[in-house]
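Let me begin by presenting the structure, written as C-alpha cells, before commenting on it.
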Amino acid sequence: MIDVRLLRTEPAAVRSALARRHDPDLDAQLDLAVDLDERLRTITAERDRVRSRVNELSRQVGERRRAGDVARAETLQDESRALGQRERELAAEHGRVDEELHTILLTVPNLPHPEAPDGSSDADNPVVHGPFGVEAGFAEHQRVPHWETGEALGILDNARATKISGAMFSMTRGAGAALGRALCQLALDRNADAFEEIRPPSLVTTETLTATGHLPKFADDAFAVERDGLWAIPTAEVPLTSIYGGEILGEEELPRRMMAATPCYRREAGSAGRDTRGLLRVHEFDKVEILAIAAPDQAPDLLDDMVGRAEGTIAALGLAYRTIEICTGDMGQSHHRSFDVEVYAPGVDQWLEVSSVSWFSDYQARRANIRFRRTGEKGTEIAHTLNGSALAVPRVWAAIAEHHRQPDGSIAVPDVLQPYLRGLERIA
RNA sequence: GGAAGGAUGCCAGAGCGGACGAAUGGGACGGCCUCGAAAGCCGUUGAGGUCCUUCGGGCCUCCGUGGGUUCGAAUCCCACUCCUUCCGCCA
587 MIDVRLLRTE
597 PAAVRSALAR
607 RHDPDLDAQL
617 DLAVDLDERL
627 RTITAERDRV
637 RSRVNELSRQ
647 VGERRRAGDV
657 ARAETLQDES
667 RALGQREREL
677 AAEHGRVDEE
687 LHTILLTVPN
697 LPHPEAPDGS
707 SDADNPVVHG
717 PFGVEAGFAE
727 HQRVPHWETG
737 EALGILDNAR
747 ATKISGAMFS
757 MTRGAGAALG
767 RALCQLALDR
777 NADAFEEIRP
787 PSLVTTETLT
797 ATGHLPKFAD
807 DAFAVERDGL
817 WAIPTAEVPL
827 TSIYGGEILG
837 EEELPRRMMA
847 ATPCYRREAG
857 SAGRDTRGLL
867 RVHEFDKVEI
877 LAIAAPDQAP
887 DLLDDMVGRA
897 EGTIAALGLA
907 YRTIEICTGD
917 MGQSHHRSFD
927 VEVYAPGVDQ
937 WLEVSSVSWF
947 SDYQARRANI
957 RFRRTGEKGT
967 EIAHTLNGSA
977 LAVPRVWAAI
987 AEHHRQPDGS
997 IAVPDVLQPY
1007 LRGLERIA
C-alpha cells in the first residue's frame, strides 16, 4: 500500500512516478483516493468534536452525581444522549468512507524506483548481467526438450501426474525426484551464512495473502481452501513476509533475513494450454525463497546481494544465464525495483525465468504493518521488504536436463550437486 | 470433537460502571551518590490518527477481535479468535 499522506502532500510526485507504469486507469483511481481522503478527514474531525463533547458531558455527569446533584446530572445526560445520535451517524459515515478508501488503496500499485528502467512491456526489460555461458554455442545432443529426456530416463512421469491430479501437475521419480530435493538442499546451504531457515505453513489466511499484495486483485491466481477460509501459498514470500506482521522490531535486529523451501501453488489462470508439456509451467512446485526485512537504507545493498546469490547458484550449476531488470511497465503491483535471473534451456531454446528478486520498499510492510524503531529514538517507521527466489526447482531441473544432456542421452550431474545425490555422476 | 479457565503496557500483574492510557513490582533509559560499581534515592519509559504549531500542545482512538447496553465500558451482555488444562481421536 502506498502512503496516503504522500499522495496528499506530494500529489504530483506520486502521479508522475505511477504514470511510468503506463496503467490508464490509475489516474482516475488516484483522483478518487484523494477525494475520499479529504472527505474522511473532514468527517473524522467532526466526529471527534462530537465525541469530545460527549466525553466532557459524561465527566460532568459523574461529578454531579458524586456531589449529589441528581437533577443537574440528568439534564447533562439528556444533552449528551441527544449528541449520541449525531455521533452514531458520523461514525457510520466514517466507517463507509474509510472502507471505500482502503479498498482503492489496496489495488494502487507501488511507486517504481527512480532508476528502474522505463518501458511498457517485457520487451523493454534490459539485460543487465550476461549473458554468461552461451559463447561456445550448444551441441545437437543438448537440443532435446527435457520432457523427452526425462521420460526416456524414467525420471519424469507427467502422464501419471495428470492421471492423479489433472493437467499441469508434474511428477518426478527416482534420480529425478532426488535431483529436485538436491537442488533445494544446495540453495539452502548456499544461503545459510546469512539467512535463517524457516519451515512455514503452506496454507495461510486471507489477511496474510493480502499483506504481500496477492489479494484482493489476484485472487484468481491462487488455490483456495474455501471451506476453511485458507489459501495455498503461491510462494514462501507470503508466510515469511507476515512473520513479523503487526510487530515493532528494534533497529539492531535489522536486517532480518529468512529463507524457506516450500511447495508453491499457482492456478496459472490465463495460461491454460501454454507450456503444458514439461516442467515450464506447473500448478505445484518446490522453491527456495530468500527474504529480508530491513531499514530503508539497508535495502539497496541487500537487493544487490540477493541478486548475486540467485545468479551464483545458477552459475555453480554450470548453466547459461543472464539477468534482466524489469521495466516500469512490466513490474508487479508491489514491486519498487525488480530483477529476473533467466537460465537458457537449449532443448526448448528459451530463456526461462528462474528467479525474481525484488525490493518492495514499504509497500508490503505497510500492508503487513511491520515497523521498526531507530535506536534511541521515539516513534516508529515502516520497514522495507525484499525477497527473491534462491532457486525454483522445475525450470532449473529442466535446464539441467537439457544443458547437461550427453551424446549418449544421459544427464551429467553438476559437481556441486553430487554430494546431495549420494555421489551420483550420471543419470542414465 | 466435548468441558473448564484465561487474554490488560517491554515483562509480571492489579483493576470488574465515572477522577483509568490504566495501580504495583521488575526491566530499560537519564540523573544524584561513588575512584568505579552495587545498593539507595529522583525522574523518564506504548501505539496510531488528526489539527494548530509558540517543535510545545489540543482533540480522538486503542486493555484479544467484532457487535451491543449506557450520559459514560478495561470493567456489563452477545458472537468470534487464540492460549492453557482435562477428556476423546490421531501421524
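The first sequence: position 111 = 697 (this note's numbering), numbered continuously. Quick reminder that beta carbons are idealized off the backbone N, C-alpha and C, glycines included.
Query - Proximity to Ala709 [Cα-Cα], best of Ser996, Asp916, Leu977 - result: Selected option, being the one with the closest Cα: Asp916.
Query - C-alpha distance - Phe804 paired with Thr821, whole-angstrom precision - result: Approximately 14 Å between the Cα atoms of the pair.
Requested in this report: Output the residue ranges of the beta strand (DSSP E) runs that lie fully inside the region 831-886 and measure 3 residues or longer, sorted by chain position.
Outcome: Counting whole runs of 3 or more residues, the region 831-886 contains the beta strand (DSSP E) stretches 834-836, 842-851, 870-880.
Query raised in the report: Quick one: complete beta strand (DSSP E) runs, 3+ long, within the region 908-978?
Result: Within the region 908-978, the beta strand (DSSP E) runs of at least 3 residues that lie entirely inside it are, in chain order, 923-931, 936-945, 957-959, 970-978.
Query raised in the report: Looking at Ile690 and the ligand SAM, is the gap between the Cβ and the nearest heavy atom below 7 Å?
Result: By its list of ligands, the structure shown contains no ligand whatsoever, and the ligand SAM lies outside what it can speak to.
Query - Assumed close pair Thr971, Ile879 - CB separation to whole angstroms, cut-off 8 Å - result: Between Thr971 and Ile879 the beta-carbon gap is near 6 Å, inside 8 Å, which marks them as a contact.
Query raised in the report: How is Leu905 classed by DSSP in three states: helix, strand or coil?
Result: Of the three classes helix, strand and coil, the one that applies to Leu905 here is coil, per DSSP.
Requested in this report: Closer than 7 Å by C-beta to Leu643: which residues in its own chain qualify, once you throw out the five before and the five after it? Chain order, please.
Outcome: Leu662, Glu665, Ser666.
**Report entry** Reference Ser942, options Glu596, Ile912, Arg952, Ala797, closest by Cα
**Finding:** When each option's Cα is compared against that of Ser942, the closest is Ile912.
Requested in this report: Run through the region 677-762 for me and flag every whole beta strand (DSSP E) of 3 or more residues, listed as ranges in chain order.
Outcome: Runs of the beta strand (DSSP E) inside the region 677-762: 713-718.
Report task. Report the option in Ala976, Leu687, Thr748 whose CA atom is closest to the CA atom of Ala778. Result -> Per the Cα distances, Ala976.
Query raised in the report: In this structure, does DSSP put Arg991 in helix, strand or coil?
Result: Strand, per DSSP.
Query raised in the report: When we look at the beta-carbon of Arg776 and count the other beta-carbons within 10 Å, is it buried (16 or more) or exposed?
Result: That one is buried.
Query raised in the report: Under the rule that 16 or more other beta-carbon atoms within 10 Å means buried, what is Arg952, buried or exposed?
Result: The residue in question, Arg952, is buried, as its Cβ has 16 or more Cβ neighbours within 10 Å.
Query raised in the report: Are Asp806 and Arg853 touching if we call contact CB-CB under 8 Å?
Result: Contact: yes.
Query raised in the report: Between Gly762 and the rest of its own chain, which residues show a CB-CB distance below 7 Å, the 5 nearest in sequence each way excluded?
Result: Around Gly762, the same chain offers Gly736, Ile741, Leu742 as residues with beta carbons nearer than 7 Å, after the five sequence neighbours per side are excluded.
Query - Straight-line Cα distance separating Trp733 from Ala753 - result: If you draw a straight line from the Cα of Ala753 to the Cα of Trp733, it is about 15 Å long.
Query - Terminal residues of the alpha helix (DSSP H) in which Thr595 lies - result: Looking at the DSSP string, the run of the alpha helix (DSSP H) that includes Thr595 is 590-595.
Requested in this report: Kindly list the residues whose CB is nearer than 7 Å to the CB of Arg785, restricted to its own chain and excluding five residues on each side of it in sequence; keep chain order.
Outcome: Same-chain partners within the cutoff: Ala846.
Report task. Classify Arg895 as helix, strand or coil using the three-state DSSP reduction. Result -> In the three-state DSSP reduction, Arg895 falls in the helix class (H, G or I).
Requested in this report: May I have the straight-line CA-CA distance separating Gln919 from Asn696, to the nearest angstrom?
Outcome: Straight-line Cα distance between these residues: approximately 6 Å.
Query raised in the report: Pick from Asp623, Leu789, Ala1014, Arg682: whose alpha carbon is nearest that of Leu851?
Result: Checking the sequence shown, residue 851 turns out to be Tyr, not Leu. Nearest option by C-alpha distance: Leu789.
Requested in this report: Leaving out five residues on either side along the sequence, give the residues of the same chain with a beta carbon under 7 Å from the beta carbon of Phe755.
Outcome: Correct list, in chain order: Ala747, Thr748, Val868, His869, Glu870.
**Report entry** Chain-order list of residues whose beta-carbon lies under 7 Å from that of Thr966 (same chain, five-residue window excluded)
**Finding:** If you ignore the 5 residues before and after Thr966, its C-beta comes within less than 7 Å of the C-beta of Ile834, Arg957, Phe958, Arg959, all in its own chain and listed in chain order.
Query raised in the report: Would DSSP call Val790 helix, strand or coil?
Result: Looking at Val790 - three-state DSSP - the assignment turns out to be strand.
Query raised in the report: Within the chosen definition, does the region 887-901 reach the region 667-687 through at least 3 CB pairs nearer than 8 Å?
Result: No contact exists between the region 887-901 and the region 667-687.
Query raised in the report: When DSSP labels each residue in this structure, what does Ala780 get in the three-state scheme?
Result: Three-state DSSP puts Ala780 in coil, outside helix and strand.
Query raised in the report: Would you say Tyr907 and Gly716 are within 8 Å of each other, going by their C-beta atoms?
Result: In this structure, Gly716 lies closer than 8 Å to Tyr907 by Cβ.
Requested in this report: Report all residues from its chain with a CB closer than 7 Å to the CB of Pro787; omit the five preceding and five following residues, and keep chain order.
Outcome: When the five nearest sequence neighbours on each side are left out, the beta carbons in the same chain lying within less than 7 Å of the beta carbon of Pro787 are those of Pro825, in order along the chain.
**Report entry** Reduced DSSP secondary structure (H/G/I, E/B, other) of Arg785
**Finding:** For Arg785, the three-state secondary structure derived from DSSP is coil.
Query raised in the report: Applying the criterion that 16 or more other CB atoms from any shown protein chain within 10 Å of the CB defines a buried residue, is Val656 buried or exposed?
Result: Its Cβ having fewer than 16 others within 10 Å, Val656 is exposed.
Report task. Check whether the Cβ atoms of Leu626 and Leu692 sit closer than 8 Å, and answer yes or no. Result -> Judged by beta-carbon spacing, Leu692 lies beyond the 8 Å limit of Leu626, meaning their Cβ atoms are not closer than that value.
**Report entry** Option nearest Ile819 by Cα separation, candidates Ile690, Thr792, Ser751, Glu632
**Finding:** When Ile690, Thr792, Ser751, Glu632 are compared, the shortest CA-CA separation from Ile819 is found for Thr792.
Query raised in the report: Does the beta-carbon of Pro597 have 16 or more other beta-carbons within 10 angstroms, so that it is buried, or is it exposed?
Result: Classified as exposed, Pro597 has fewer than 16 neighbouring CB atoms from the shown chains inside 10 Å of its CB.
Query raised in the report: Under three-state DSSP, which class holds Leu816?
Result: Taken through DSSP and simplified to helix, strand or coil, Leu816 comes out as strand.
Query raised in the report: Ile986 by DSSP, collapsed to three states: which one?
Result: The answer is helix: DSSP assigns Ile986 an H, G or I state.
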